[in-house]
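S.K.:
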Amino acid sequence: MNASSDTIILIPARLAATRLPNKPLADLHGEPMIVHVWRRAMEARLGRVVVAAGDREIVEAIEAVGGEAVLTPADLASGTDRIYAALQLIDPEGSHQMIVNVQGDLPTLDPRLIRQACDALGEADMSTLVAEISEPSECDNPNVVKAVLAAPGSSPYRRALYFSRANVPTGSAPRYHHIGLYVYSRAALDRFVALSPSPLEKSEKLEQLRALEDGFVIHAAIADTVPLGVDAAEDLEKAREMLASSSRGL
Numbered sequence: 003m004n005a006s007s008d009t010i011i012l013i014p015a016r017l018a019a020t021r022l023p024n025k026p027l028a029d030l031h032g033e034p035m036i037v038h039v040w041r042r043a044m045e046a047r048l049g050r051v052v053v054a055a056g057d058r059e060i061v062e063a064i065e066a067v068g069g070e071a072v073l074t075p076a077d078l079a080s081g082t083d084r085i086y087a088a089l090q091l092i093d094p095e096g097s098h099q100m101i102v103n104v105q106g107d108l109p110t111l112d113p114r115l116i117r118q119a120c121d122a123l124g125e126a127d128m129s130t131l132v133a134e135i136s137e138p139s140e141c142d143n144p145n146v147v148k149a150v151l152a153a154p155g156s157s158p159y160r161r162a163l164y165f166s167r168a169n170v171p172t173g174s175a176p177r178y179h180h181i182g183l184y185v186y187s188r189a190a191l192d193r194f195v196a197l198s199p200s201p202l203e204k205s206e207k208l209e210q211l212r213a214l215e216d217g218f219v220i221h222a223a224i225a226d227t228v229p230l231g232v233d234a235a236e237d238l239e240k241a242r243e244m245l246a247s248s249s250r251g252l
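According to our numbering, the sequence shown is numbered sequentially starting from 3.
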């Protein structure tokens, strides 16, 4: 997939985090974490990249390195609401029709995965990423969201049937670790944010179930790696080690 004016990558970020306050500004080798995420998104070379910030300090950090950021209300309910608010501010005329939501806590994200998720969208409403679980302990870990996929077809992606924090599906079928990176068609994002939280979404605390309950088609591309999400101080140390290793490998 080549860079296109139709595509925009939006990165939601805010300073108010319960487990790791001021997380987007955490130092990773001399730069805030959000700057590393922005760089990974730029390296995907898909189009415009904008950080949807809940705080002025995040905007300033991105603008200091020549990036684009927009200030959104601090009290929005979710990252999806934040990217939608940013989109209304920077693209009210609807020039961008493929919307990519990259979480702001993935500083070691392989840009190839962003492109893979975009390639999977096709005629679906949304696309995302999964990776087959190889570590048995992840199956019963509620912090690892599992994706239940339809049987393989002729395409390289699979249709997502359900997402859960439980160990699903039962039996010997492979388990898939869901990676929270989403691609939307513009129409699907407009439709999604207009919906109220659904019963299954509230039960599982998984926003993507709102889409499935409303009949969205979600394609899942199978990735070969799970990016490190930074949720706690120990994750920051892992990210520092991984970034240092990748720098030595250049």
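Just so it is clear, CB atoms sit at the ideal spot from N, CA and C, and this is done for glycine as well. Quick caveat, the model's predicted, so the values are computed rather than measured.
#1: Have a look at I36 and P14 and give me their C-alpha separation to the nearest angstrom.
#2: Just checking, does the segment 37-44 make contact with the segment 63-77 on the three C-beta pairs under 8 Å criterion?
#3: Suppose the cutoff is 8 Å on Cβ atoms and the five residues either side in sequence are ignored; what does the same chain contact list for L252 look like?
#4: List the whole-angstrom C-beta distance separating A133 from I224, where the pair is believed to meet the contact cut-off of C-beta under 8 Å.
#5: Name the one or two DSSP bridge partners that V102 has.
#6: Of the choices R16, Y164, E215, whose alpha-carbon is the least far from that of T74?
#7: Can the beta-carbon of E209 be found less than 8 Å from the beta-carbon of S166?
#8: Since K148 is in the beta strand (DSSP E), which residue starts that stretch and which ends it?
#9: Buried or exposed: which applies to S247, given that a residue is buried once 16 or more other Cβ atoms fall within 10 Å of its Cβ?
#10: Start and end of the beta strand (DSSP E) containing T110?
#11: Leaving out five residues before and five after A235 in sequence, what residues of the same chain have Cβ atoms less than 8 Å from its Cβ?
#12: Determine the direct distance from the alpha carbon of I135 to that of P176, and round the result to whole angstroms.
#13: For V232, which option in M244, A222, D226, H221 has the closest C-alpha, if you only look at C-alpha atoms?
#14: Let's test the definition: count the other Cβ atoms within 10 Å of the Cβ of D142 and tell me whether it reaches 16, buried, or not, exposed.
#15: Indicate the three-state DSSP secondary structure (helix, strand or coil) for R160 in the structure shown.
#16: For a quick check, are the C-beta atoms of A28 and L238 less than 8 Å apart?
M.R.: According to the structure data:
#1: 10 Å
#2: yes
#3: Here the model assigns L252 a pLDDT of 47, short of 50, so the residue's position is not dependable and the matter cannot be decided.
#4: Confirmed, about 7 Å.
#5: I11, V185
#6: R16
#7: Their beta carbons are not under 8 Å apart, which means E209 does not touch S166 by this criterion.
#8: 148-151
#9: exposed
#10: The continuous stretches of beta strand (DSSP E) do not include T110, and DSSP gives it neither H nor E.
#11: L22
#12: 7 Å
#13: M244
#14: exposed
#15: strand
#16: Contact flag set, yes.
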